[in-house]
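Each remark here refers to the structure printed beneath this line.
There are 2 protein chains.
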Amino acid sequence: MKNTLITGLLIACSALFLAACNQAQQQEASSTQAIDTSKTYHWKMVTTWPPGFPVLQQGAERFANNIKDMSNRRLDIKVYAGGELIPPLQTFDAVSQGTVEMGHGSAYYWAGKVPEAQFFSTVPFGMTARGMNAWLYDGGGLELWRETYKPFHVIPFPLGNTGVQMGGWFNKEINSLEDIKGLKMRIPGIGGKVFAKAGGNPVLLAGSELYTALERNTIDATEWIGPYHDQRLGLYRAAEHYYYPGWHEPGSVLELTVNQRAWDSLPADLQAIISNAAMAENVRMLSEMEQKNMFALQELMARPDVQLHRFPDEVLAKLKALTGETLAEEAAANPKFKHVYDAFEAFRAKNKAWSDISENAYLAIE
Amino acid sequence: MKNTLITGLLIACSALFLAACNQAQQQEASSTQAIDTSKTYHWKMVTTWPPGFPVLQQGAERFANNIKDMSNRRLDIKVYAGGELIPPLQTFDAVSQGTVEMGHGSAYYWAGKVPEAQFFSTVPFGMTARGMNAWLYDGGGLELWRETYKPFHVIPFPLGNTGVQMGGWFNKEINSLEDIKGLKMRIPGIGGKVFAKAGGNPVLLAGSELYTALERNTIDATEWIGPYHDQRLGLYRAAEHYYYPGWHEPGSVLELTVNQRAWDSLPADLQAIISNAAMAENVRMLSEMEQKNMFALQELMARPDVQLHRFPDEVLAKLKALTGETLAEEAAANPKFKHVYDAFEAFRAKNKAWSDISENAYLAIE
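If you're matching them up, the sequences are chains A and B in order.
For the first sequence, the working numbering begins at 1 and goes up steadily by one.
For the second sequence, the working numbering begins at 1001 and goes up steadily by one.
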């Protein structure tokens, strides 16, 4: 009983980094330090990214390497890209069932199974990385996320963020809401639903199909990620109008998922190592995105065939109003969705009031 | 020789988290895993913060606790607040001389000794936390910082960020540049120099003296940190006009300093643990500031005696121009300052171009 209690405390502590919890842990830990450091763990981690995918797959691999270094190889995680072991979109199920110990992806990929999970990645007109981290680490978001995944025996951690994405590549200018009517655009998730409400025609396509579809006019527009990944996909060769800001994905959180039983099998020091490595890689991946996007934007802007535009105010205002409608409809139909939405929205509103006089006011100085 | 090379590689890897480096490390590490895990290290860390100071001192203590958990107590760091062992502003010297192994503070505290260090904390009209992290982790900033501290045998790591600070509390409204003339304001560092150029009268005062000085009209205005820490100091009871944004400190990076010889004495796994714990606490502290500031702002705004104002455009434009002048003057007089300034400024300019169409454009949506 004592051991179970202690393990429980250590798990909660390393996971949530609560100062108060640390104290309790210290008191308990002083009476027990029996960790068998001779045992090594060989784990598998599957991701939703293509092999070698810059920043995201590479970040997952760096995370695993850091754990190997910190644990002196006691926790050795082999990372598999999407499809190498498990199809990308079966990552969550594989972790849930214990086929593998870990996964890396983003919570909105599981929207079909857990609609409210989308709030833990991003929703249109939601928070940027700064607000999401504050909500997850200090505003109750992570506890809610863990409660949400608990029935699936999966423990989530934030591990990376794309930053504010771009609005996408369009084969014509968008000067008013009229220009969206009937437009065939690759835009998934809640963003796609909102786009449909605005009169657009959202299309689902995998990343690998985007260039050809846009170049052959099978679609009129597509969003992808940001300047760096968009440039690599060559989208600027298929459409000339590049729109900002990415209203539909203002700061997509990437997630580490860990099978509950696998987690429970680890000694406390390896649990703490995973928690810290995930938090470290969370900021590291965002920083790498920021740095790579800066330079890619400059290169794209140097091309005479790329035209950069801001979405018109009228369009952004309408998409924002329709997002509110869409989320309210989902919440009315699904109490679990409403539960997370209410918590998210309460935090977002307060965060915006602060952001408006801090980050937003500062960045707006000419 | 082999061991020295390997240790060198491991140090560089755990410090900078370079993917390419990780590969080299893996190849080397496969031939050597001899870490003596029976040895424990008892280290001291001194900080520049008052005992129990929320977020900053508490974050330094959480960082030490996380390291204890991850290392299974092989690295046990006792944290001392400013003055408990070493006076706050002698932290850097204590780490440099090896009196203690670690310190926590901010690089602009050592401006008297290393003027160019200020770029690694914050300068007026510099980058916010997002840009600073991108510069430090991925834009060459950290390498430059390490080069700067190398003659002092000190290795720096980013460990925390205050986020965008507030402009300060004023006992009268600031409606034009005229209102700054002769104003006695507590504002240190480069911000103070810029304020003097604008006709103001910058004053140096410790945090503990601010409330009394402002309340007794010994000073007309003071900046401190953000809503949360300002509220705790009771500054709203001493002056009613609360100004934003904090042009003088848009994202102050806090730093971990480690004595070079102490670092070299550690096995590679403990070095990796420190590197990851510092990176984790970097984002964690910023998130906690964000969350606490949000709620404190709401409470301050609920008070009838607090008036929130944005600095007028005219004032911000002048302060920005004077900041450019001030930095250029310092650079002309000091080649080392110029070396860091040039690198910082090149990154900042590119970062702004990207920020203007991503974070800035997104946050500006009404």
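A virtual CB, placed ideally from N, CA and C, is assigned to each residue, including glycine.
If you're wondering where the values come from, they're calculated on a predicted model, not measured in any experiment.
- It is roughly 28 Å from the alpha-carbon of residue 343/A to the alpha-carbon of residue 289/A.
- Within chain B, 1283 have C-beta atoms less than 7 Å from the C-beta of residue 282/A, given in sequence order.
- Taking a contact to require three or more Cβ pairs closer than 8 Å, the segment 137-148 of chain A and the segment 290-308 of chain A do not qualify as touching.
- The three-state secondary structure of residue 324/A, taken from DSSP, is helix.
- Rounded to whole angstroms, the separation of the alpha carbons of residue 1219/B and residue 1237/B is 14 Å.
- Taking 8 Å as the CB threshold, residue 1300/B stays off the interface with chain A.
- If you check the CB distance, residue 1169/B and residue 1221/B come in under 8 Å.
- In terms of beta-carbon proximity, residue 1168/B stays away from the interface with chain A, with every pair separated by 8 Å or more.
- Counting only Cβ-Cβ distances below 9 Å, residue 1037/B has contacts in chain A at 37, 72, in chain order.
- For residue 58/A and residue 78/A, the gap between their C-alpha atoms comes out near 13 Å.
- By DSSP's assignment, residue 1243/B forms a beta bridge with 1168/B, 1309/B.
- The DSSP-derived three-state label of residue 1053/B is coil.
- Beta-bridge partners of residue 104/A (DSSP): 47/A, 256/A.
- Ranked by Cα distance from residue 189/A, the options 172/A, 164/A, 158/A, 124/A are led by 124/A.
- Scanning the segment 111-150 of chain A from its first residue to its last, the whole alpha helix (DSSP H) runs of 4-plus residues come out as 129-133, 141-149.
- Residue 208/A does not reach chain B, its nearest Cβ partner there being about 23 Å away, counting only Cβ pairs nearer than 7 Å.
- Contact annotation: residue 163/A and residue 351/A have beta-carbon atoms that are not nearer than 8 Å.
- The residue from 283/A, 273/A, 325/A, 314/A with its alpha-carbon nearest to that of residue 1135/B is 283/A.
- Between residue 1256/B and residue 1156/B, the CB-CB gap stays under 8 Å.
- Every alpha helix (DSSP H) of 4 residues or more that sits fully in the segment 1197-1232 of chain B is shown, in chain order, as 1210-1215.
- Not one beta carbon of chain A lies nearer than 8 Å to the beta carbon of residue 1086/B.
- Contact of residue 245/A with chain B is assigned, a C-beta pair being separated by under 8 Å.
- A Cβ-Cβ separation of about 34 Å leaves residue 82/A out of contact with residue 37/A under the 8 Å criterion.
- Note on geometry: alpha-carbon atoms of residue 1232/B and residue 41/A lie some 47 Å from one another.
- Residue range 91-97 is occupied by the alpha helix (DSSP H) that includes residue 93/A, with no beta strand (DSSP E) assigned at that position.
- With its beta carbon less than 8 Å from one in chain A, residue 1308/B belongs to the interface.
- Taking the beta carbon of residue 69/A as reference, the chain B residues within 7 Å of it are 1014, 1268, 1269, 1272, listed in sequence order.
- Within the same chain, 223, 243, 244, 245, 246, 247, 311 come within 7 Å of residue 167/A by CB-CB distance, once the 5 residues on both sides are set aside.
- Rounded to whole angstroms, the separation of the alpha carbons of residue 72/A and residue 356/A is 45 Å.
- Leaving aside the five residues that flank residue 267/A on each side, the residues in its chain whose CB is nearer than 6 Å to its CB run, in chain order, 35.
- Taking the C-beta atoms as reference points, residue 1158/B is found no nearer than 8 Å to residue 362/A.
- Distance check between residue 176/A and each of 354/A, 287/A, 313/A places 313/A closest, using alpha-carbon atoms only.
- Residue 1128/B reaches chain A at 359, 362, 363, counting residues in chain order whose Cβ is nearer than 8 Å.
- Within its own chain, the residues whose Cβ lies closer than 8 Å to the Cβ of residue 1235/B, once the five positions on either side in sequence are excluded, are 1169, 1210, 1211, 1214, 1222, 1224, listed in chain order.
- Shortest Cα-Cα distance from residue 1186/B to any of 1330/B, 1173/B, 1206/B involves 1206/B.
- Within chain B, no C-beta atom comes nearer than 7 Å to that of residue 44/A; the closest sits roughly 18 Å away.
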